[in-house]
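Student: Chains as they are written, first to last, in our numbering: chain A, 1 to 291; chain B, 1001 to 1351.
Ideal placement from N, C-alpha and C gives every residue a C-beta, glycine not left out.
Structure in C-alpha cells, see below.
Have a look at this one:
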C-alpha cells in the first residue's frame, strides 16, 4: 500500500496508520463491539437473555447456527437496528446508545439481508449513498466523496458497470454493489447479514474473497452471518456458534467445527476433514440412509 | 487495493458513455422542463373563450393601459398562477409520498390530507353557511393538517413508523371515515351539496388570487420541508434497515416528509379542490426523465406537474365551448389514458 491520498475506508476517528489487527480507539485492548448481559427479544419471545459476546478488532468473525438460532438478531443488535431489552452494546468502547445514529454510521456499517434496490438509480448513485453519514446540509458531496466512491467501485470490480441501472444487475453484481455502498461508508467495522444468500457457488466465493480482502487490506473488522459452515471456516478468523439462546462455541474454525459441536448446534452428524485445497476445516455431512 | 483517485484521472475523463449521458442529461432535462412550464404558461394566457395573440398577451402583461390588460390580469393571470402553484405542489407531494411509502400507486391524498380538507370545507358550508374563497382556503388547510396529524399519531401509536405500512393503513382508515362523514353532511343538506359538488371536482375557474398568499406561504414552508427530506427519501429507498444503518433518523425522516406532503397537498387542495392524477402520474413521468435520485426527481416532478395541470386546464377551456370542463375532469380522462400507456409499456418503476 502506498501513502497516496487513497481513501482507505477508514473513518478519521481511527488513528492514521493503525493496521489490521492493531488496536485503535480509547483503550489498547478495546473490542470493536461488545455485548454485555444483553437481552434480545422480538415482540414477546425472548431470543437471548444475558448474552455476552466480544468482537475483536481487525478480525473476520462469523456467526453460525441453525435456523432460528438468533444469528441475525445478534447482528442487528450490534448494528443498533434492534434495541436490547437489557444490557449494553458497546461500539469502540462507547455504549451505542450514547452515540448519535450518524456517529454510529461513521464507525459501523451494516448490510441487511434484504436491502431494497431503488428504481431508476445507477450503480454509482447507489454506491454514493454510502457517503450519507459524512455529509450534511453544510457539507454536500465533495471531490473526496467522489474519490471514495471511485475506490469502492474499483475494489468491488464495478468500475465498468457504474453507469448501469442497479435494477438490471445480476445477483452477484448487485451484491457487490451493496458491498461497495458499505465500503463507501468508510466505517472501520462492517456487519454483513448473509451476504452470500441467493448467489451461486462461484459468486459466493467472489463475495467472501472480497470480504477477506477488505479485512486484510483495509484492516476492517468484519462480522457476518453465513450458512455454509465450510465457507465460514475457510474465510473467517473466528466462528461463533449460536443456539438455544446462548453461545455454544466460540473460537478458531478448527476449534469450533467439531462433530460434537455440530451435533449439538445443528443436530447434524458430520465428519470434519482438512479441505484439500486450503487446509481449513471441511464439514462433510454423513448420510446414514445410503450407507 | 483501492486505486488512487489521481491514477483514475484518464478513465474519469473518458468515463462510461452511458453514465455520462444519464448524469449530464439531468440538468438539461430540468432546463427543458422549465422552458416547457414557461411555454405552457404563455399558452394558458393566450387561450380561453377568446384567443389573444402572444404579442398582445405580453403587451397586456406589461402595459396596464392596453385593452387586453383587464382580461389578462383579471382572469388569465390568476388562473395560470394558481395552476402553476397547484401543479408544482401536487407533483412534488406525489413524488414525496411515493418515496415515503415506496408504493408506485401512492397519491398525495393517501394520508387523509384531501379527505380532511374536503370534510372541513363541507363543515364550513354546513355550519357557517359560507363558501367564500378565503374561508374555504383556510378551512381546507386546517382540515388537511388535522387529518394528517391524526393519521400520523394513529400510526405512531401502533407498530411504529419504520415501516410505511401503518401510515398507509391509518391514512386509508381516516380517509374512509372522513369521506363517510362528508357524504352524510352533503346528502342531508341541499345547499351544502350544491357548494360542495362544485368544489370537489377540482377546478381553477372562478378562483381569484384572493387568499393565495396564505396558500403560497403554506406551499413555501412545504417546499422547505421537501428539500430537507430529499436525502432521507434517497435513504428510505434502500429499505428502512439500510437507511437506519446509514445514520438516518427514521422518525425525523417520517415527520419531515409528512409535514412537507401535508403542507403542499393542503395548499393545492385549498386552491383548486381535490385534483387527482397529477400527484400520481407526474412523478412517474419525472422518474423516466431524470431517474430515481430525489435531488432531481422532486424538482422534475414539480415542473412536470405544473405542465400537466396547465395543459389539462387549457384543454378544459377549449373543449367545453361556453361551459368549460373542469381541469379535474380533464385530468382524470387524460391522466387515466397516460397512466394506462405507462403501465402497458411496462416502464413503470417499481419502488
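#1: Compare the C-beta of residue 1324(B) with all C-beta atoms of chain A and state if any pair is closer than 9 Å.
#2: Would residue 239(A) pass as a contact of residue 268(A) if the rule is Cβ separation under 9 Å?
#3: 9 Å is my cut-off, CB to CB: does residue 95(A) come that close to chain B?
#4: Helix, strand or coil: which one does DSSP assign to residue 196(A)?
#5: Rounded to a whole number of angstroms, what is the C-alpha to C-alpha distance between residue 78(A) and residue 1097(B)?
#6: Which residues does DSSP list as the beta-bridge partners of residue 224(A)?
#7: Anyone know if the C-beta pair for residue 1139(B) and residue 1152(B) falls short of 9 Å?
#8: Keeping to the same chain, check which residues put their C-beta closer than 6 Å to that of residue 1233(B); ignore five residues upstream and five downstream.
#9: Which residues of chain A have a Cβ atom closer than 8 Å to the Cβ of residue 1025(B), listed in chain order?
#10: Report all residues from its chain with a CB closer than 8 Å to the CB of residue 1079(B); omit the five preceding and five following residues, and keep chain order.
#11: Does the beta-carbon of residue 1050(B) have 16 or more other beta-carbons within 10 angstroms, so that it is buried, or is it exposed?
#12: Considering only the beta carbon of each residue, do residue 1117(B) and residue 1144(B) sit closer than 9 Å?
#13: Is any beta-carbon of chain B found at less than 9 Å from that of residue 76(A)?
#14: Extract the residue ranges of the alpha helix (DSSP H) inside the region 1110 to 1134 of chain B, only unbroken runs of 4 or more that lie entirely within it.
#15: Just list the residues that DSSP pairs residue 186(A) with in beta bridges.
#16: State the beta-bridge partners of residue 55(A) as determined by DSSP.
#17: Could you check what DSSP says for residue 1031(B) in three-state terms: helix, strand or coil?
#18: If I'm right that residue 193(A) touches residue 72(A) with Cβ under 8 Å, what's the distance once you round it to whole angstroms?
#19: Among 167(A), 197(A), 232(A) and 245(A), which has the Cα closest to the Cα of residue 1238(B)?
#20: Quick check on this structure: which residue in 1200(B), 1111(B), 1125(B) and 1056(B) has the alpha carbon closest to the alpha carbon of residue 1275(B)?
#21: Does the beta-carbon distance from residue 81(A) to residue 110(A) come in below 9 Å?
#22: DSSP puts residue 1330(B) in a beta bridge; with which residues?
#23: Between 273(A), 250(A) and 206(A), which lies nearest to residue 65(A) when the distance is taken from Cα to Cα?
#24: Quick check on DSSP: helix, strand or coil for residue 1337(B)?
#25: If residue 1085(B) and residue 1271(B) are in contact, beta carbons under 8 Å, what's the gap, nearest whole angstrom?
#26: Helix or strand or just coil, what does DSSP make of residue 269(A)?
#27: To be precise: take each residue of the region 1178 to 1201 of chain B, compare its Cβ to all Cβ atoms of chain A, and keep it if any distance is under 9 Å. Which residues remain?
#28: Based on the DSSP output, what are the partners of residue 86(A) in its beta bridges?
#29: Please report how far the alpha carbon of residue 948(B) lies from the alpha carbon of residue 1047(B), in whole angstroms.
#30: Would you kindly check if the distance between the Cβ of residue 1088(B) and the Cβ of residue 1306(B) is under 9 Å?
#31: Measure the Cβ-Cβ separation of residue 129(A) and residue 1235(B) and say whether it is below 9 Å.
Tutor: Working from what's here:
#1: Residue 1324(B) sits at position 324 when you count from the first residue of the second chain. False, the Cβ-Cβ gap to chain A never drops below 9 Å.
#2: The sequence position of residue 239(A) within the first chain is 239, counting from 1. The sequence position of residue 268(A) within the first chain is 268, counting from 1. Not a contact, by the Cβ cut-off of 9 Å.
#3: On the first chain, position 95 is the one that residue 95(A) refers to. Chain B contact via Cβ: absent.
#4: Stepping through the first chain from its first residue, residue 196(A) is reached at position 196. In this structure, residue 196(A) counts as coil in the three-state DSSP scheme.
#5: Here residue 78(A) refers to the residue found at position 78 when the first chain is read from its first residue. Here residue 1097(B) refers to the residue found at position 97 when the second chain is read from its first residue. Their backbone Cα atoms lie some 32 Å apart in a straight line.
#6: Position 224 of the first chain, counting from 1, holds the residue named residue 224(A). Residue 224(A) pairs with 62(A) and 192(A).
#7: On the second chain, residue 1139(B) is found 139 positions in, with the first residue counted as 1. On the second chain, residue 1152(B) is found 152 positions in, with the first residue counted as 1. Their beta carbons are not under 9 Å apart, which means residue 1139(B) does not touch residue 1152(B) by this criterion.
#8: Within the second chain, numbered from 1, the residue matching residue 1233(B) stands at position 233. The residues are 1099 and 1294.
#9: Your numbering for residue 1025(B) matches position 25 in the second chain. Those do not exist, as residue 1025(B) stays about 12 Å from chain A at its closest Cβ, beyond 8 Å.
#10: Here residue 1079(B) refers to the residue found at position 79 of the second chain. Hits under 8 Å: 1044, 1204, 1205, 1207 and 1313.
#11: Your numbering for residue 1050(B) matches position 50 in the second chain. Classification for residue 1050(B): exposed.
#12: Reading the second chain from its first residue, position 117 is the one you call residue 1117(B). Reading the second chain from its first residue, position 144 is the one you call residue 1144(B). In this structure, residue 1144(B) lies closer than 9 Å to residue 1117(B) by Cβ.
#13: One-based indexing of the first chain puts residue 76(A) at position 76. Yes - at least one Cβ of chain B is within 9 Å of the one on residue 76(A).
#14: 1113 to 1123
#15: Taking the first residue of the first chain as 1, we reach residue 186(A) at position 186. None, per the DSSP bridge assignment.
#16: For the purposes of this step, residue 55(A) is identified with residue 55 of the first chain, where counting begins at 1. In the DSSP output, where bridge partners are listed per residue, residue 55(A) has 33(A).
#17: What you label residue 1031(B) is simply residue 31 of the second chain in a count that begins at 1. The answer is helix: DSSP assigns residue 1031(B) an H, G or I state.
#18: Taking the first residue of the first chain as position 1, residue 193(A) is located at position 193. Taking the first residue of the first chain as position 1, residue 72(A) is located at position 72. With a Cβ gap of about 5 Å, residue 193(A) and residue 72(A) count as contacting.
#19: Here residue 1238(B) refers to the residue found at position 238 of the second chain. Closest by alpha carbon: 167(A).
#20: Taking the first residue of the second chain as 1, we reach residue 1275(B) at position 275. Selected option, being the one with the closest Cα: 1200(B).
#21: The sequence position of residue 81(A) within the first chain is 81, counting from 1. The sequence position of residue 110(A) within the first chain is 110, counting from 1. Yes, these two residues count as a Cβ contact at 9 Å.
#22: Numbered from 1 along the second chain, position 330 holds the residue referred to as residue 1330(B). None; residue 1330(B) has no bridge partner.
#23: On the first chain, residue 65(A) is found 65 positions in, with the first residue counted as 1. Among 273(A), 250(A) and 206(A), the Cα nearest to that of residue 65(A) belongs to 250(A).
#24: Against the second chain, residue 1337(B) aligns to sequence position 337. The answer is helix: DSSP assigns residue 1337(B) an H, G or I state.
#25: To locate residue 1085(B), count along the second chain from 1; it is residue 85. To locate residue 1271(B), count along the second chain from 1; it is residue 271. Contact flag correct, Cβ pair sits at about 7 Å.
#26: Indexing the first chain from 1 puts residue 269(A) at position 269. DSSP places residue 269(A) in coil when its eight states are reduced to three.
#27: none
#28: By 1-based counting over the first chain, the position of residue 86(A) is 86. Paired residue(s): 39(A).
#29: Examination of residue 948(B) is not possible in this model, given that chain B is present from 1001 through 1351 alone.
#30: Numbered from its first residue, the second chain carries residue 1306(B) at position 306. Numbered from its first residue, the second chain carries residue 1088(B) at position 88. Their beta carbons are under 9 Å apart, which means residue 1306(B) touches residue 1088(B) by this criterion.
#31: In the first chain, the residue the question calls residue 129(A) occupies position 129. In the second chain, the residue the question calls residue 1235(B) occupies position 235. A contact, by the Cβ cut-off of 9 Å.
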